[in-house]
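>
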Amino acid sequence: FGRSVRSVLYLAQDVETQEHIAAEVFTLTGESRGLDLQRVHDNLFVSAAFVAESPVLSRDRRRLLLPYDAVTVPTQPPFEELNPGQSNYPVANYFLLMPPPMMSLETLHRIVDHEEFLTGDIGRVVRMVLTAELIRIAANIQIRGLVHGRITSENLFIMPDGRLMLGDVSALRKVGTRGPVSSVPVTYAPREFLSNTETAAFTHALDAWQLGLVIHRIWCLILPFGLVTPRMKRSGRRPSMRVPGLDVLSVEACTPMPDAVEMLVRHFLNFNTRKRLLPLTAMGTPEFRQLQLDISTSLSSK
């Protein structure tokens with residue numbers, strides 16, 4: 499389904515109940531694998547405490563894909579070296595179980611990039627709904643004083659009932675805390691985050707930047723500013739915002755974007771962090787209200 503910096507989400511089946519589930523599998527690197535796994539375990543439960551709700555309520559109210567269980571295989575070692583292709587991946591004997599998504603947002607992007615899908619009025623409504631839901635998810639994180647830092651298409655999932663949910667919940671941390679720069683996908687990191695230090699402060703402005711990037715992908719399939727977007731036909735070549743390039747936001751090659759959405763994207767992707775629009779503030783803007791009105795009007799006319 500999806501992949502983060504340290505894990506992969508697979509579709510699995512319970513051999514006893516035959517129920518389909520999603521299993522998050524952790525691939526750990528470096529010498530301190532036990533420490534890394536303990537950190538993942540601790541972060542998960544700290545994140546759950548931050549949210550202060552059951553996994554069911556978190557999925558229903560906050561649209562966070564929290565696991566409902568963590569399991570190990572008793573007869574297996576803590577780590578197992580696998581060799582998919584040419585690389586060795588130490589896989590942890592620690593699996594998080596959660597309801598299975600239908601697909602990741604990244605998968606949807608790739609389908610749209612290669613097939614005639616989500617075209618016309620239906621495609622426009624779907625994109626508007628995804629945009630509004632994404633802003634609400636980010637605002638729900640902000641209102642709790644948290645930062646995710648990995649709001650990417652790979653970590654956003656479309657559930658069978660159509661809801662959009664954010665995964666990799668163990669990434670949540672309190673706003674203002676410092677963390678490794680390497681934990682944020684480099685193409686989703688704003689310029690101010692890419693300093694020469696190994697750590698940086700995780701702020702709401704980081705999530706706002708990533709929110710703008712993902713909304714841009716919903717309408718344009720590729721990242722803006724010529725950034726690399728793997729496996730997309732029109733991908734740019736810029737490896738990160740640290741590398742000089744054209745810092746102009748263009749939507750000419752995108753699916754026609756409503757004026758309200760374009761304005762929101764431009765505000766989320768403001769290079770001035772003090773002026774960058776934050777998700778919670780965005781929900782009170784005329785543009786967001788217009789987006790909601792456009793969605794209601796489109797759905798009522800069907």
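Quick note: to get my numbering, add 498 to the position in the sequence shown (first position is 1).
All C-beta atoms, glycine included, are put in the ideal place defined by N, C-alpha and C.
Note that the coordinates shown come from a computational prediction; the quantities given were computed from them, not determined experimentally.
How long is the line joining the alpha carbons of Arg-560 and Ile-639, rounded to whole angstroms?
Their Cα atoms are separated by approximately 8 angstroms.
> Along the chain, where does the beta strand (DSSP E) containing Thr-570 start, and where does it finish?
Counting along the chain, Thr-570 falls outside any beta strand (DSSP E), and DSSP gives it neither H nor E.
> Let me make sure I understand the geometry here. Which of Arg-740, Pro-658, Glu-785, Lys-773 has the alpha-carbon closest to that of Ala-758?
The candidate whose alpha carbon is nearest that of Ala-758 is Glu-785.
> Span of the alpha helix (DSSP H) holding Ser-794?
Ser-794 -> alpha helix (DSSP H) spans 784-798.
> Alpha carbons only, please: which of Leu-692, Phe-700, Ser-651 is nearest the one belonging to Leu-670?
When only C-alpha atoms are compared, the closest one is Phe-700.
> Determine which residues share a DSSP beta bridge with Glu-514 and list them.
For Glu-514, which the question treats as bridged, DSSP gives no partner whatsoever.
> Taking its Cβ as the centre, do 16 or more other Cβ atoms sit within 10 Å of Asp-666, making it buried, or is it exposed?
Per the 10 Å Cβ criterion, buried.
> Exposed or buried, what is Asn-694 when buried is set at 16 or more other beta-carbons lying within 10 Å of its beta-carbon?
Classification of Asn-694: exposed, given that the 10 Å Cβ count is below 16.
> Could you have a look at Ile-649 and say whether DSSP puts it in helix, strand or coil?
DSSP places Ile-649 in coil when its eight states are reduced to three.
> So, using beta-carbon positions, are Met-876 and Asp-792 closer together than 7 angstroms?
In the structure as shown, the chain begins at 499 and stops at 800. Residue 876 is therefore absent and cannot be evaluated.
> Out of Ile-519, Pro-572, Pro-598, which one is the CA nearest neighbour of Asn-591?
Minimum Cα distance to Asn-591 is reached at Pro-572.
> By a C-beta neighbour count over all protein chains shown, 10 Å radius and 16 as the cutoff for buried, is Ser-602 buried or exposed?
By the neighbour-count rule (16 or more Cβ atoms within 10 Å), Ser-602 is buried.
> Would you mind reading off the limits of the alpha helix (DSSP H) that contains Pro-678?
Segment 676-678 is the beta strand (DSSP E) holding Pro-678; no alpha helix (DSSP H) there.
> Please indicate yes or no: does the CB of Gly-674 lie closer than 6 angstroms to some heavy atom of the ligand GTP?
No copy of the ligand GTP occurs in the structure displayed, which carries no ligand at all.
> Could you give the distance in angstroms between the alpha-carbon of Cys-752 and the alpha-carbon of Ser-556?
Going by the C-alpha atoms only, they are around 33 angstroms apart.
> From what residue to what residue does the beta strand (DSSP E) around Thr-697 run?
Element bounds for Thr-697: 697-699.
> Which residue marks the beginning of the alpha helix (DSSP H) containing Phe-766, and which one marks its end?
It spans 757-766 - the alpha helix (DSSP H) in which Phe-766 sits, taken as one unbroken run.
> What first and last residue would you give for the alpha helix (DSSP H) that runs through Leu-603?
First-last of the alpha helix (DSSP H) with Leu-603: 603-612.
> For Asn-770, count neighbouring Cβ atoms within 10 angstroms of its own Cβ and tell me buried if that reaches 16, exposed if not.
Counting Cβ neighbours within 10 Å, Asn-770 comes out exposed, since fewer than 16 surround it.
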